[in-house]
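Written out below as structure tokens is the structure these notes cover.
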Amino acid sequence: MRTQLEIIVNNLKDSFDGKPWYGLSVMEKLNAVPWQIVNDKVYGEKSIAILVHHIMNWRIFVLKKLEGDLQFNIVIDGKNDWDAVHIKSPEEWNFLKQKLQSTQDNLIQKLSQETDELLNKQVPGKDYFFGPILISIAQHDIYHLGQIAMLNSMKQG
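Per numbering that gives the first Met the number 0, the very first residue in the sequence shown carries number 0; after that it's consecutive.
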């Protein structure tokens, strides 16, 4: 029987670059997006590039907290949450996707060294535990994947 953490890690892998039940994974969808449209803001202030960077920022947050960093923080809709990003070439788009992939790889590697005990440990500098945030990373990705898919279809459709 798989542990709770193994289930979380498998969900992270499936939604990010596996074969999720709902359709395309994050990376499969991102690899299908033409770089020329990743800066377009069809509604609001969020482009595909900004959404990708945002997804990456939250992985960085979790990685820093897993390392015990008390000071690192992201304020929702504030500091480090929605960074300005402007992609100027296919190489820059590929580099952003590679950076996102790297944060995913680092997160999976770190979590592979942990046990279910991690889920009940308090996040350094926060008043919540690792369990809820680790469970919600894949949910967060899927939420923003829907936005990315919609933006892509509006520009391509």
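C-beta: ideal position from N, C-alpha, C; glycine also. This structure is a prediction, so every number in the text was calculated from the model and none was measured.
Cβ-Cβ separation, residue j to residue i (assumed contact under 8 Å), whole Å
i: Ile146; j: Leu50; result: The sequence given here places Gln at residue 146; Ile does not occur at that position. Confirmed, about 6 Å.
i: Ile73; j: Phe60; result: 5 Å
i: Leu99; j: Met55; result: 5 Å
Host alpha helix (DSSP H) of residue i (start-end)
i: Pro89; result: 89-111
i: Ile54; result: 47-65
Proximity winner among the options, relative to residue i (alpha-carbon distances)
i: Ala31; options: Lys125, Gly67, Ile136, Trp92; result: Trp92
i: Gly22; options: Met153, Ile141, Asn151, Ser152; result: Ile141
i: His85; options: Met55, His139, Trp34; result: Trp34
i: Leu133; options: Thr114, Val41, Phe71; result: Thr114
i: His143; options: Trp20, Val8, Ser24, Lys12; result: Ser24
i: Ile136; options: Lys120, Leu106, Glu116; result: Leu106
i: Lys64; options: Ile6, Leu110, Asn151; result: Leu110
i: Ala26; options: Lys40, Leu11, Asn38; result: It is worth fixing the name first, because residue 26 is Met in this sequence and not Ala. It is Leu11 whose Cα lies nearest to the Cα of Met26.
Assigned exposure category for residue i - 16 Cβ within 10 Å defines buried
i: Arg58; result: buried
i: Leu69; result: exposed
Whole alpha helix (DSSP H) elements within the stretch 5-38, 4-residue minimum: Entirely contained in the stretch 5-38, the alpha helix (DSSP H) runs reaching 4 residues are, in chain order, 25-30.
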